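For this note's numbering, add 1397 to where a residue sits in the sequence shown, where the first one is 1.
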Amino acid sequence: MRLSNKLFVTLRDDPADAEIPSHKLLLRAGYIRRIGSGVYAYLPLMLRVLQKVSQIVREEMNATGAEECLLPQLQPAELWKESGRWDTYTKAEGIMFSLIDRREQQLGLGPTHEEVITTVARDMIRSYRQLPLNLYQIQTKFRDEIRPRFGLMRGREFIMKDGYSFHADEESLKKTYQDMYQAYSNMLRRAGLAFRAVEADSGAIGGSGSTEFMVLADAGEDEVLYTEDGKYAANVEKAVSLPAEAETSAFTSFEKRETPGTGSIEKVCKFLKCSPTQIVKNVLYQAVYDNGLTVLVLVNIRGDQEVNEVKCQNELTKLASQFGAKTVLSISVPTNEIIASWSTKSLPLGYIAPDLDDDYIAGSKQVHSQFVRLVDKTAVELKNFVTGANESGFHVVGANWCEQFKLPELVVDIRKARVGDRSLHDPSQTLQIARGIEAGHIFQLGTKYSEAMGATYTNEQGEEKPLVMGCYGVGVSRLVQSAVEQSYDKDGIIWPVAIAPYHSIVTIPNIKDAQQIKVAEKLYTELNKAGVETLLDDRDERAGVKFKDADLIGIPFRIVTGRAIANGKVEVVKRANRESQEIAIEEVVNTLQQWLK
Ligand code: ATP
Ligand code: MG
């Protein structure tokens, strides 16, 4: 491709609305253009990168025996009503774009394809002899994200590879899951990315496993905790660890103390000269269930620990049926305004005790009249602890469960594991932290969708059983931008060779010099013929501009037909380390072919 014929526009300055390096660079280098919030045009250079990544994904999927298909993006609402996800996806989370067609039928634009694939499986899979099966597609997905941002990282329209497998039993699912784990590792390695496979939260479906593939980068939205020995890595949402030992309490008898102005753990510790590990902290949450009911939650946890809201939400989801609901839509720490909307009298905020009375709640159709009380394991073990007195400006010391306070029935593990904690598998290892971009997620679904939608098969004994399912996603467009986030310098993008839009660019420093043009044209033709994908910068621009652009767009090798051609040579520069060398013109094709290998 000749730059003179190409839609090629680079920007000198950072676009104002881009926050992270990869987003700025892709805009500046002319790979993408923003069309609307979370909606981008993939320009020709970008399309080539997307196609290369898609090809790697395709090859690795095919190698496992999976088969490519293409499913509709327009999805009838009925399917989502069958699975029970229509309301959650269109109303509650509102992540699905939905519309009504001219026949007054409701449709959704596919954010994911469990419903569609399960329908296909329900119609076509009859017998265990057809299993296992693994189908995937590479396609544009639509999600009305609350906060689209960072360019392709979180778009409202983006490219995903999604795959779904069907099995007769868990064992078969586990085998395919392992194959997918391997395929995903291969994809990311081949795309030239540094990544970590981490244990992930599988929401309240729970039980079965789920792994996220995290591209390591400071701009990542996710936090990963891992140990140096490589034996443990988990998303912070899921991570477990051993908390530090609690200090022994200095208080030996139960007393109420006046502790003015100590509404935070830090202040109370200072005032009572105690350690936060001797305090039972009482945190208020509100959960909204999918039937619209708000439930107030009181969590007791050790003073030095934080609540992991994902784990907390999973615990509350387990209680859903108790409230006539299926799932929890959200949990949050209620604001003062919200507290005022359900409380009967002013709450002793900052001084709450584990036995905060249910009388505080003005129950109604929308608000459950009792607190759900959860106690974290870290708080259960404490003796002679300090906690609030349910009275502003007062705490109690020397308190014990089963003496002054009834221990809640629901003992749970909902503390947030954090950097520096000891690891469970080997307490001599402490947890380290890294930021990551979730590029892929593989998931053992089990029978959630097949049961809801009646997708069954007949087993060897002639019994009808629900299909066991797995699902596997890779964010192709997100992965591409992650590669940039991991590999750039002050001058621009440095593409890993395997996914670069072109391997090399031949730059003619002086377009008026017939000899330079001649050599460049010859190399351009021969390189392309030899499979070295090559651009020709034949624009009527200053050499400096051309070099800057070549650096910005990040092509791995630059070939300059400059002064050296007088000696039968050209200058070849490696983008990654700027290493430059003169190579005989007739050796160029060979040398680049070697380097590409
Ligand atoms: P996230 O937690 O980042 O929202 P997710 O859990 O919703 O991701 P999945 O539903 O598992 O993601 O989708 C599979 C993959 O698709 C993700 O691992 C990610 O790489 C990609 N992906 C998800 N949402 C987006 C988005 N809005 N823009 C670009 N890629 C996305
Ligand atoms: Mg999401």
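Idealized CB from N, CA, C, for every residue including glycine. Just so it is clear, the structure is predicted and the values come from calculations on it, not from any experiment.
Cβ-Cβ distance between residue i and residue j below 9 Å
i                  : j                  : result
proline 1863       : threonine 1853     : yes
valine 1865        : aspartate 1566     : yes
lysine 1667        : alanine 1776       : no
isoleucine 1698    : valine 1816        : no
serine 1480        : tyrosine 1869      : no
lysine 1943        : proline 1906       : yes
asparagine 1688    : lysine 1635        : no
serine 1419        : methionine 1611    : no
phenylalanine 1782 : serine 1661        : no
isoleucine 1908    : threonine 1931     : no
lysine 1538        : phenylalanine 1555 : yes
glycine 1951       : isoleucine 1890    : yes
valine 1871        : leucine 1924       : no
serine 1820        : serine 1638        : yes
glycine 1747       : phenylalanine 1648 : no
arginine 1431      : aspartate 1410     : no
glutamine 1702     : arginine 1812      : yes
histidine 1838     : alanine 1597       : yes
glutamine 1675     : leucine 1779       : yes
The ligand ATP heavy atom lying under 8 Å from the CB of residue i
i                  : result
arginine 1996      : An answer regarding residue 1996 cannot be provided, because it is not within the stretch 1398 to 1994 covered by the chain.
glutamate 1620     : no
leucine 1549       : yes
valine 1871        : yes
glycine 1435       : yes
arginine 1553      : yes
glutamate 1835     : yes
threonine 1509     : yes
phenylalanine 1840 : yes
methionine 1443    : no
leucine 1876       : yes
methionine 1850    : no
aspartate 1626     : no
glutamate 1609     : yes
methionine 1557    : yes
proline 1388       : The requested residue 1388 does not occur in the structure, where the chain is confined to residues 1398 to 1994.
Presumed contact (8 Å Cβ cut-off) between residue i and residue j, rounded CB distance
i               : j              : result
aspartate 1888  : aspartate 1948 : 4 Å
isoleucine 1728 : alanine 1684   : 5 Å
alanine 1594    : tyrosine 1578  : 7 Å
proline 1545    : aspartate 1818 : At roughly 34 Å, the Cβ-Cβ gap does not stay under 8 Å, so proline 1545 and aspartate 1818 are not in contact.
isoleucine 1834 : alanine 1614   : 6 Å
leucine 1681    : leucine 1693   : 7 Å
lysine 1653     : alanine 1786   : 5 Å
arginine 1875   : alanine 1836   : 6 Å
leucine 1933    : leucine 1400   : 7 Å
valine 1873     : valine 1436    : 16 Å between Cβ atoms; not a contact.
glycine 1867    : threonine 1573 : 6 Å
glycine 1721    : arginine 1519  : The pair is not a contact, with the Cβ atoms about 28 Å apart (cut-off 8 Å).
Sequence-distant residues of its chain with Cβ nearer than 8 Å to residue i (five each side left out)
i              : result
valine 1406    : Gly1427
serine 1569    : Leu1528, Pro1529, Val1865
arginine 1975  : none
threonine 1988 : Val1969, Ile1980
threonine 1714 : Gly1600, Ala1601, Thr1724, Val1725
tyrosine 1533  : Met1458, Ala1463, Glu1464, Glu1465, Cys1466, Lys1558, Asp1559, Gly1560, Tyr1561, Tyr1869
alanine 1750   : Asn1679, Thr1784, Gly1785, Ala1786, Asn1787, Val1793, Phe1802
Beta-carbon contacts of residue i that lie in its chain and below 7 Å, excluding the five residues immediately before and after
i              : result
threonine 1656 : Val1665, Phe1668, Leu1669, Gly1790, Phe1791, His1792
lysine 1742    : Tyr1757
tyrosine 1439  : Ile1429, Leu1447
glutamine 1978 : Val1969
serine 1582    : Ala1594
glutamate 1788 : Pro1745, Tyr1748
leucine 1496   : Leu1504
arginine 1540  : Ile1492, Pro1508, Arg1553
Cβ neighbours of residue i in the same chain (closer than 6 Å, five flanking residues each side left out)
i              : result
glycine 1617   : Arg1832, Gly1833, Ile1834
glutamine 1767 : Asp1755
glutamate 1416 : none
leucine 1408   : Arg1425
valine 1696    : Val1680, Val1704, Leu1771
leucine 1468   : His1510, Val1513, Gln1534
Under 8 Å: do the segment 1449 to 1469 and the segment 1496 to 1503 share three or more Cβ pairs, one atom per stretch? no
Is the segment 1892 to 1903 touching the segment 1874 to 1882, taking contact as three or more C-beta pairs under 8 Å? yes
Check whether the segment 1551 to 1564 and the segment 1506 to 1518 are in contact - that is, three or more C-beta pairs closer than 8 Å. yes
Do the segment 1703 to 1717 and the segment 1750 to 1763 make contact, defined as three or more Cβ pairs closer than 8 Å? no
Count Cβ pairs between the segment 1616 to 1629 and the segment 1824 to 1832 that sit closer than 8 Å; are there 3 or more? yes
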